[in-house]
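Contents: one structure, followed by commentary.
In the numbering used here, the protein residues as written are 777 to 1170.
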């Protein structure tokens, strides 16, 4: 295969990728019927598709990029994460300035992922990090890996549903013990927009400067032609990070902050409610932004369409790039996926989101809870990496 042509063997997957893309665009157009809900549905599906493309092409997996640095001192992935946070922080603060000109009045920006600070958040983030290490990915990465044909990710998603259900059962005692009176610290409310922006950029810059000490010169050959550039080698993670940061700002401005757990949590809540597992009242849960779960009464939702778009676009991208390699996995893969998924789901519910909603969207919004989640998620991931050999996970 030359740099600018596709071999006959690669033509069929590329054609399938094209059909999936056309189908996605047709549904996006069909959903946009002129109503506010239709526009929200359409944009949610489109932004989910773009998010899935960016995740798949840049290998933007929170566990993978952390593991690269911890085990091999390769900082490129973490630098991409910092790039996403920096771009998103700048954009979010600009949008907040339009929505809420005076941040010192005690109000929080609408729908932003700003959560309470307590030991429950630290525990939930640590458990989430353990779940990533055991299952092999975060929830968003399991979704895009499903598009690559990694069907064992279904076990992780099933485990996450069970983990959410267990989270609902443990919510009330933990809420009454710690979350009810926990402070909610929004950095612009304390330091103003300028102070918050400067503080976060200094922190991100300091982390980037430290990571750059470990960076080695790349040796990959430059792709020749547009197709190899887009669907040949993986994109640099910083490219994916910059684009994801921009997408996060647009998503918040148009519909809602980026997040992938609200639909999973809602499915779990609906199932648990139908089985009579839920307490009569989940104290305070619905008053928080983040992993906003509901008992589903309609089929379509903004976050559900976002997740569907993510998986389908990742599938199309994997087909076009030759990354679609269907694999059922061994029984042990399904078992560790199920176990890790339970931890991911429980951690997501109690932390009010995952690495996308609480970490990405939270830090971009100037939420101290996002920074705390990131720190303890890292602790859980490193601990999980230490446990993997003992559990024979590789």
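We put the beta carbon where it would ideally sit given N, CA and C, even for glycine.
| Query | Result |
| --- | --- |
| Residue 1141 (DSSP reduced to helix, strand or coil) | coil |
| Buried versus exposed, by CB contacts within 10 Å (16 or more), residue 986 | exposed |
| Residue environment, residue 981, which counts as buried when at least 16 other CB atoms sit within 10 Å | exposed |
| Span separating the alpha-carbon of residue 831 from that of residue 1133 | 15 Å |
| For residue 818: DSSP bridge partner residues | Per DSSP, none; premise fails for residue 818. |
| Buried versus exposed, by CB contacts within 10 Å (16 or more), residue 805 | exposed |
| Other residues of its chain near residue 813: CB distance less than 7 Å, five sequence neighbours each side excluded | none |
| Euclidean distance between Cα positions of residue 965 and residue 869 | 12 Å |
| Cα-Cα separation, residue 948 to residue 1058 | 6 Å |
| Rounded separation between residue 1031 and residue 841 - CA only | 28 Å |
| Residue 851 versus residue 1055: straight-line alpha-carbon distance, rounded | 45 Å |
| DSSP state of residue 926 mapped onto helix, strand, coil | strand |
| Own chain residues within Cβ distance below 6 Å of residue 1095, not counting five before or after | 789, 792, 793 |
| For residue 861 and residue 1139, believed in contact at Cβ under 8 Å, the rounded distance | 5 Å |
| Pair within 8 Å by beta-carbon distance, residue 1105 and residue 928 | yes |
| Close beta carbons around residue 1036, own chain, < 8 Å, minus the five adjacent residues each side | 915, 916, 919, 1079, 1082, 1083, 1086, 1130, 1132, 1133 |
| Check whether residue 1150 and residue 1014 have beta carbons under 8 Å apart | no |
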